[in-house]
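Below is one structure, written out as structure tokens; comments come after it.
Residue numbers (this note's numbering), protein chains in the order written: chain A, 1 to 107; chain B, 1 to 485.
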């Protein structure tokens with residue numbers, strides 16, 4: 001689990017073109033070989049920026065994702081309304097009879 | 001060699017249950033089935049940029065209640081996680097779920113035979129939208145996001161279920177508890193309760209688990225049982241012929257009664273879970289847990305025991321009456337109006353349930369109220385109507401919602417219990433059936449039933465058998481005396 005490891009700041013991250021292809025496949029992105037080369041370099045650069053965090057001595061600090069809130073607020077279970085009908089799909093590239101229309105997917 | 005082995009079945013179930021809240025888990029859109037597509041959506045559940053989820057307190061309450069009902073360890077601290085995958089019914093590109101540190105761990109589901117299935121965990125998460133793949137849809141699928149963000153609990157069993165029948169019993173018991181506690185309505189047709197099954201075989205005595213397959217698209221408890229039976233037979237055949245099981249996800253095709261490969265391990269998801277940065281940890285106070293504990297509704301097992309003890313019912317009757325929350329409630333309200341629980345149980349479990357099934361009646365709009373049913377039972381108990389007439393009245397009650405006394409009168413079903421009236425009919429019948437009377441008096445006692453039947457015929461079923469029988473005996477005895485005299 002790549003991302004989780006980064007949060008713990010312990011693992012040195014390296015990404016190769018196979019990693020980039022796998023991530024692209026999970027994201028259902030069809031990328032050309034050229035794009036893979038470019039994105040591998042970009043992703044490596046981005047991830048290595050995070051590696052800077054590994055230089056901080058966090059040994060004594062418990063993992064923490066935020067600094068200002070200790071516990072999640074909760075809201076009352078009361079409906080506050082939704083978007084007017086039709087508005088939800090209005091911005092979609094394609095819709096029909098109130099439904100989003102997307103390329104055929106199965107599974 | 002593998003052909004002689006016996007195999008042990010190992011089944012683990014994952015059950016998703018919609019929570020009975022008014023609104024979705026992270027936004028104020030209504031949690032309601034059947035609305036026009038994409039009419040219960042807002043920027044939060046549509047996954048628009050810049051929005052933040054805010055947790056629904058009632059979803060948390062119901063998850064706590066589930067933890068109590070299934071005797072889990074409920075953690076004071078749990079965290080949410082993002083489960084990342086890309087599919088059109090998941091607009092954010094991730095589902096907010098719980099991965100490490102779920103709200104509940106451990107727990108158990110009791111089975112009817114007194115055994116139990118241990119649980120691994122129960123966690124909170126949001127549902128995804130619904131995709132449609134119509135046959136005439138050409139190259140397109142369609143997506144309704146009303147269900148996106150509906151609160152769920154996922155209940156994960158340990159892999160300790162040993163047969164499809166045991167899986168079935170597990171689900172029945174689980175559903176019963178969820179319904180009794182008001183956690184979920186468990187409506188499988190509406191997708192409120194969904195189940196996936198992991199199944200593998202291993203040689204009897206082996207400790208390590210065999211390669212498992214995951215069975216999806218199990219739309220009913222029967223589908224779970226049937227699907228598992230077919231998949232177990234398939235795996236056994238593969239293993240006996242020396243083959244290997246491929247780890248894969250299978251879809252159950254109920255119409256064809258077979259499993260179809262959905263995806264193999266190579267294509268399986270890598271969800272890249274990580275802690276949800278938009279939601280701080282969920283912290284439950286001891287006071288909150290205590291309050292939930294004190295408000296936990298009665299569970300089915302406890303209610304079954306109470307029904308048997310408090311009402312003096314047979315264990316079987318108590319079990320059937322507590323088989324569903326609605327039926328149990330209906331029965332309790334009926335006996336609040338009618339003093340004989342056993343008689344009420346007989347009628348409810350007999351003619352009443354039969355009628356519900358025959359007429360396909362639902363609890364929500366049932367015109368037969370417990371008070372009206374009690375009124376009918378009163379008439380039956382005091383002998384004002386016969387058992388056969390009571391069934392007719394019940395049917396009319398279901399159709400009209402009118403009370404028993406009025407229906408009995410308007411249908412002309414009031415039973416004749418008047419001694420004088422019955423006696424005169426009995427005499428007419430005996431006079432008109434001299435050969436049969438002679439047979440009876442000669443010792444052929446079977447004829448008695450025929451003679452009573454003639455009285456019922458003459459009174460068009462309204463003669464009260466409790467009155468007819470002794471009078472018939474008296475009259476026959478009188479004739480025997482005359483004959484001898």
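A virtual CB, placed ideally from N, CA and C, is assigned to each residue, including glycine. Please read all numbers here as calculations on a predicted model, not as lab measurements.
Spanning the alpha carbons of residue 355 of chain B and residue 422 of chain B requires a straight line of approximately 31 Å. For the pair of segments examined, the region 128-146 of chain B was found not to touch the region 51-66 of chain B: the number of CB pairs separated by less than 8 Å stays below three. Under the criterion of beta carbons closer than 8 Å, residue 83 of chain A and residue 150 of chain B do not qualify as touching, at roughly 17 Å. Interface with chain A (8 Å Cβ-Cβ cutoff): residue 58 of chain B is included. Two segments are said to touch when three or more pairs of C-beta atoms, one from each, lie closer than 8 Å; by this definition the region 58-74 of chain B touches the region 116-135 of chain B. When DSSP states are grouped into helix, strand and coil, residue 233 of chain B belongs to the helix group. Residue B:38 holds the alpha-carbon nearest to the alpha-carbon of residue 90 of chain A among B:70, B:95, B:38 and B:115. Counting C-beta pairs with one atom in each stretch, the region 7-16 of chain B and the region 159-166 of chain B have three or more that are closer than 8 Å, which means they touch. By the rule that beta-carbons nearer than 8 Å mark a contact, residue 281 of chain B touches chain A.
If you keep only unbroken alpha helix (DSSP H) runs of at least 4 residues inside the region 260-312 of chain B, you get 286-294 and 300-311. It is roughly 39 Å from the alpha-carbon of residue 322 of chain B to the alpha-carbon of residue 261 of chain B. Taking 8 Å as the cut-off, the beta carbon of residue 398 of chain B is found closer than this to the beta carbon of residue 359 of chain B. Per DSSP, the unbroken beta strand (DSSP E) holding residue 132 of chain B starts and ends at 130-132.
The beta carbon of residue 462 of chain B lies closer than 6 Å to those of 415 and 416 in the same chain, with the five residues before and after it left out. Residue 84 of chain B: member of the beta strand (DSSP E) spanning 81-84, first to last residue.
Cα atoms of residue 290 of chain B and residue 62 of chain A: separation of roughly 29 Å, rounded to the nearest angstrom. Where residue 46 of chain A is concerned, there is no enclosing beta strand (DSSP E), although the alpha helix (DSSP H) around it starts and stops at 33-51. One Cα belongs to residue 15 of chain A, the other to residue 40 of chain A, and the distance between them is close to 7 Å. Following the DSSP letters along the chain, one finds residue 196 of chain B inside the beta strand (DSSP E) bounded by residues 193-203. The way I'd put it, the region 337-353 of chain B doesn't touch the region 296-304 of chain B; fewer than three beta-carbon pairs between them come closer than 8 Å. Put simply, the CB of residue 339 of chain B is far from chain A, with every gap to its CB atoms at 8 Å or more.
Taking all protein chains shown into account, residue 76 of chain A has fewer than 16 neighbouring C-beta atoms within 10 Å of its C-beta and is therefore exposed.
Along the region 131-151 of chain B, the positions whose C-beta sits under 8 Å from a C-beta of chain A are 131, 132, 133, 137, 138, 139, 140, 141, 142, 143, 144 and 145, read in chain order. When 8 Å is used as the limit between beta carbons, residue 45 of chain A is near no residue of chain B, the shortest such separation being about 20 Å. Taking C-alpha positions only, residue 281 of chain B is separated from residue 20 of chain A by approximately 32 Å. Under the 10 Å beta carbon count, residue 115 of chain B is surrounded by fewer than 16 other beta carbons and is classified as exposed.
No Cβ-Cβ contact shorter than 8 Å links residue 447 of chain B with residue 468 of chain B. The beta-carbon of residue 192 of chain B is placed no less than 8 Å from the nearest beta-carbon of chain A. Here residue 104 of chain A is exposed, its C-beta having fewer than 16 other C-beta atoms within 10 Å. If you check each beta-carbon in the region 66-82 of chain A against every beta-carbon of chain B, the ones closer than 8 Å belong to 66, 69, 70, 71, 72, 73, 74, 75, 76, 77, 78, 79, 80, 81 and 82. With a threshold of 16 other beta carbon atoms within 10 Å, residue 83 of chain B meets it and is buried.
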